[in-house]
Amino acid sequence: MAGPGAYIFDLDGVVYHGRSIIPGAAEIIERLRAAGSRVVFLTNNATRTREDIAAKLDGMGIGCSAGDVISSAYAASLHILKQYGPSSFFPIGEQGLVTELERAGHTMSGQNVDCVVVGLDRQFTYDKLAAGLDNLRKGARFIATNTDAMLPTENDFLPGAGSMVAALAAASGVEPEVVGKPNRPIMDVLLREYGLKAGECTMVGDRLETDILAGNNVGMHTVLVLTGASRMEDIEDLGIRPDTILDSIADIG
Ligand SMILES: [Mg+2]
117 MAGPGAYIFD LDGVVYHGRS IIPGAAEIIE RLRAAGSRVV FLTNNATRTR EDIAAKLDGM
177 GIGCSAGDVI SSAYAASLHI LKQYGPSSFF PIGEQGLVTE LERAGHTMSG QNVDCVVVGL
237 DRQFTYDKLA AGLDNLRKGA RFIATNTDAM LPTENDFLPG AGSMVAALAA ASGVEPEVVG
297 KPNRPIMDVL LREYGLKAGE CTMVGDRLET DILAGNNVGM HTVLVLTGAS RMEDIEDLGI
357 RPDTILDSIA DIG
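Following the working numbering, the numbering of the sequence shown begins with 117 at its first residue and continues without gaps.
Here you go:
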């Protein structure tokens, strides 16, 4: 495996499954850090703050602070700031999304907003969809944290942010600007935040069409681990090729 550089880890299916850590994850991350590698966690999850995500990892025995985490909610807040400046927003999403947006200097509002920002919202309603539509019809930008169709849970799947994004896209006829993997904005935020060059980064993910595609698109070394969403046969089916395939995060190094 390439030299110290930086290791970018997706979370679900790579570091843990729901509440259970993947065996060997904590040891590998500690070893990479001891060898001088920067370790960053990169997740499309937009329901929690970076602090919440760091606390979960910390609780699993992986030393982590908010500064080691890039979520699609955090990336959306910085992406909007860089592209459009401080903005008013209507959220279809959970508290973690609202907190990250407000912290970056954006202001939540119900009407005549600059942006409608959509992430996973487990309290999604027809009224929220109608309010999102109303704002888009009045000229708001449509920003999606991610378009993941499903959310993996411990043993099953639930509808993901992509299903809510699709509902608003269908109602409005407007295509969203998507921040999360495999799209460019979250990767640009990551590289900018840590002053990294893509060529010195190894992207480790379990999902070809988000993690591996995102890494390939920016020129990172990509590692598919087989502990999550994608299987070997998906590589041919999707035509998305990782540089390396490993059974698990425990096989890194
Ligand atoms: Mg994953």
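Glycine included, every Cβ here is placed at the ideal spot set by N, Cα and C.
Own chain, CB closer than 7 angstroms to residue i, minus 5 neighbours either side, in chain order
i	result
residue 182	166, 167, 170
residue 120	151, 152, 153
residue 351	324, 357
residue 221	197, 202
residue 254	228
residue 174	180
8 angstroms Cβ shell around residue i - same chain, five flanking residues per side excluded
i	result
residue 137	131, 176, 177, 178
residue 144	365, 366, 368, 369
residue 214	207, 224
Closer than 6 angstroms: residue i CB and nearest ligand 1 heavy atom
i	result
residue 440	In the structure as shown, the chain begins at 117 and stops at 369. Residue 440 is therefore absent and cannot be evaluated.
residue 221	no
residue 344	yes
residue 322	yes
residue 296	no
residue 129	yes
residue 184	no
residue 126	yes
Close-in-space but distant-in-sequence residues of the same chain around residue i (CB under 6 angstroms, 5 per side omitted)
i	result
residue 160	188, 262, 264, 296, 297
residue 326	297, 298
residue 328	321, 338, 340, 356, 358
residue 163	210, 212, 236
Inter-residue Cα distance where the pair is residue i and residue j
i	j	result
residue 278	residue 285	10 angstroms
residue 333	residue 303	10 angstroms
residue 196	residue 321	26 angstroms
residue 219	residue 231	16 angstroms
Check whether residue i and residue j have beta carbons under 7 angstroms apart
i	j	result
residue 266	residue 240	no
residue 260	residue 234	yes
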